[in-house]
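Here is the structure we will look at, set down as structure tokens.
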Amino acid sequence: MRRTSAAIVVRDYRPEDVDALMDLFRTAVLQVARRDYTEAQVRAWAGRMDREHWLKRLAAKPTFVAEVSGQIAGFSDLEPDGHIDMLFVHADHQGRGVAAALFDHILARAKAAGLGRLYTEASLTARPFFERRGFTLIAAQDVPVAGEVLRNFRMELAL
């Protein structure tokens with residue numbers, strides 16, 4: 000467990016977190032991403048909620064959970080090749096340093112592992128966060144999701 004500030008603690012994912020992380024993901028997409036995507040797009044994105052799939056997905060790679068006062072406020076992951084697949088913060092904890100704490104944890108893990116870069120597919124909502132951390136745009140892409148098309152951005156950061 001790594002304490003990143005007085006209020007935010009980043010720890011490793013545990014299987015009993017799965018329901019809270021699924022709920023956090025759904026809430027973040029429906030409430031936060033709604034400012035950048037249409038109602039139909041966020042519903043398509045948030046609609047993919049198979050618990051068994053999530054259990055496998057979260058266990059397949061290092062996944063990290065941010066807690067504020069003992070409550071789950073966000074989560075992220077880091078694949079062995081430097082890919083950040085997910086970085087989500089609960090709607091109630093936006094703008095309070097949770098994503099930054101998760102990213103700092105990921106960055107420290109990536110450097111300790113000797114990775115040469117981090118990369119992600121950032122949503123319209125997340126793109127400014129990654130740009131502020133030095134990520135550069137590789138390409139915009141349109142991704143089909145449940146009958147909708149969502150724009151995201153392939154981005155990378157050389158370490």
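If you're matching positions, the sequence shown starts at 0 in numbering that gives the first Met the number 0 and goes up one per residue.
All C-beta atoms, glycine included, are put in the ideal place defined by N, C-alpha and C.
Per DSSP, the unbroken beta strand (DSSP E) holding alanine 157 starts and ends at 147-157. Exposure of isoleucine 137 is indicated by the presence of fewer than 16 other C-beta atoms within 10 angstroms of its C-beta. Contact annotation: arginine 126 and glutamine 140 have beta-carbon atoms that are not nearer than 8 Å. Fewer than three beta-carbon pairs drawn from the stretch 36-53 and the stretch 106-114 are found closer than 8 Å, and the two stretches are therefore not classed as touching. Look at aspartate 49 here: in three-state DSSP terms it is coil, with no helix or strand label. Proximity to glutamine 70 across Met85, Pro14, Val41, Leu23 peaks at Leu23, based on C-alpha coordinates.
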